[in-house]
Amino acid sequence: MDSPPSEGESSTSQGESSPSQGESSPSRTVSRSSMMESIRSYGLSRLAGIKIDTDELRRRLLMPQYLRFAMLDSITKKDVDGGDQHFPSSGSADVPCPESPVIVFINPRSGGRNGPVLKERLQKLISEEQVLDLEDVKPHEFVRYGLACIEKWANDGDFCAKEIRQNIRIVVAGGDGTVGWVLGCLGELNQNGREPVPPVAIIPLGTGNDLSRSFGWGGSYPFTWKSGIKKALHRASVGPVSNLDSWHVVVQMPGGEVADPPHSLKAAEECSLDKTLETEGDLPDKVNYYEGVFYNYFSIGMDAKVAYGFHHFRNEKPHLAQGPLANKIIYSGYSCSQGWFLTTCTSDPSLRGLKNILKMHVKKVNSTEWEQIPVPKRGALSRHALMMVF
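Following this line, the structure appears as structure tokens:
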């Protein structure tokens with residue numbers, strides 16, 4: 001994994017590097033309230049005195065109209081050929097191609113009430129077709145239909161489509177979960193031999209934004225800075241590309257149980273588990289498998305219950321989750337009531353003697369053997385590029 005860039009030298013990130021040991025640790029800086037501190041934490045301080053020309057920025061980012069319309073129609077119709085009517089019969093040799101075309105995914109529920117405002121600003125600056133609302137267009141739909149539409153016409157000899165497919169970049173306006181969702185869907189490209197995989201830049205709108213901090217994009221977005229959007233898009237178009245470790249997770253559950261997996265997991269028909277991996281007890285006759293990809297961390301058990309509760313609370317009562325500060329307060333409340341302090345252990349003394357409920361194994365790079373990681377009773381453990389907190 002490449003070391004995270006220093007503040008102000010943000011980089012776009014690509015999944016699919018091989019795991020390495022201890023070369024990255026998310027910094028946990030405290031979000032500032034003032035505008036200048038927010039700008040500094042977002043890593044825009046070096047660009048504060050630089051004026052970004054709007055017309056020049058649009059020229060670098062804006063895709064030709066026929067490609068924008070074709071891409072969006074393909075996504076809407078869920079058909080790679082759904083936008084064929086937009087392609088010019090005379091070809092696109094004379095159509096100017098952008099140097100750094102971008103597609104922006106925005107989670108309107110992130111950033112409190114500022115999500116929809118940011119979406120409107122982005123659409124005015126680039127175009128409505130290149131700013132995709134995640135409530136309307138899912139990342140996998142863009143990959144399977146929108147990007148596939150561009151690939152199709154690139155393979156058929158459209159010069160502009162070929163250049164755009166080669167140079168396209170993705171910007172995600174949301175929290176770490178949203179970024180991981182998009183990265184996971186883009187991982188399909190590598191699995192299906194559809195390289196190159198577009199690098200991903202971040203506009204941090206989440207609660208913690210640890211992944212954003214690690215790659216120099218900061219812990220919060222300065223909504224009060226009107227030119228912040230132009231600065232962010234400029235950095236996304238010229239920033240260097242760094243690699244990001246990705247981890248494949250397989251969840252095995254007894255068959256017949258009703259499961260409602262998050263969008264980061266999908267049902268898998270078959271899964272080959274290592275037969276040399278020691279397990280206690282007999283496996284059930286029928287087993288359901290779910291698989292997914294994670295990047296910075298994932299939760300199991302108590303911590304997962306807290307995150308799950310907060311996620312559903314925010315969806316059911318978005319008016320109460322209006323920003324990072326409110327979200328942190330709500331999250332802390334769930335941690336106390338559902339997790340770390342008021343667990344069922346207080347009401348069931350028999351559970352206090354529980355020594356270990358989790359066994360964890362990792363397979364090192366270029367190794368065929370699984371190695372069990374000792375899980376301490378409490379505290380933190382960092383081994384094999386994994387960090388666990390208990």
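Using full-length UniProt numbering, the first residue of the sequence shown is number 1, and each one after it goes up by one. We put the CB at the ideal spot given by N, CA and C, even for glycine. The structure presented is a predicted model; accordingly, all values stated were derived computationally and were not measured.
Val143 is classed as buried because its beta carbon has at least 16 other beta carbons within 10 Å across all chains shown.
No residue range can be given for Leu205, since it is assigned to no alpha helix (DSSP H) and is classified by DSSP as neither H nor E.
Note on the UniProt domain "DAGKc" (97–253): whole beta strand (DSSP E) runs with a minimum of 3 residues are 102–106, 131–133, 169–174, 200–204, 241–245, in chain order. Per DSSP, reduced to three states, the secondary structure at His319 is helical. The three-state secondary structure of His263, taken from DSSP, is coil. Contact check between the region 172–190 and the region 74–89: fewer than three CB pairs, one atom from each, fall below 8 Å, which does not count as touching.
Of Leu122, Leu118, Leu62, the smallest CA-CA separation from Cys97 is found for Leu62. Bounds of the beta strand (DSSP E) holding Lys363 are 360–363.
Nearest in C-alpha terms to Tyr66, of all of Pro88, Leu134, Lys119, is Pro88. In the displayed model, Asn288 falls within a strand according to three-state DSSP. Arg68 and His86 have their alpha carbons spaced roughly 9 Å apart. Just so you know, the alpha carbons of His140 and Cys185 end up roughly 5 Å apart. Boundaries of the beta strand (DSSP E) around Glu371: 370–373.
8 Å or more divides the Cβ of Phe105 from the Cβ of Leu147. Per DSSP, Asp79 is not a residue of any alpha helix (DSSP H), being assigned neither H nor E.
Annotation for Asp55: the continuous alpha helix (DSSP H) segment containing it runs 54–61.
Beta-bridge partners assigned by DSSP to Ala268: Tyr289.
Ranking Gly174, Ile300, Pro64 by CA distance to the CA of Ser127 puts Pro64 first. DSSP, read as helix, strand or coil, puts Phe294 in strand. The beta carbon of Thr54 sits closer than 8 Å to the beta carbons of Leu125, Lys230 from its chain, once the five residues preceding and following it are set aside; these are given in chain order.
Between Gly206 and Gly174, the alpha-carbon positions lie close to 6 Å from each other. Setting aside the 5 residues that flank it on each side, Leu118 is surrounded in the same chain by Ile106, Gly111, Ala173, Ile203, Leu205, Tyr221, Phe223, Ile229, each with a C-beta closer than 8 Å to its C-beta; the list follows chain order. Contact annotation, Asn288 with Gly255: C-beta distance approximately 5 Å; criterion of less than 8 Å satisfied.
Closest option to Tyr331, judged by alpha-carbon separation, among Pro318, Gly309, Asp210, Pro262: Gly309. Put simply, of Gly157, Asn155, Asp176 the residue whose alpha carbon is nearest the alpha carbon of Phe298 is Asp176.
Asn327 and Gly208 have their C-alpha atoms some 9 Å from each other. Leu233 places its beta carbon less than 8 Å from that of Leu57.
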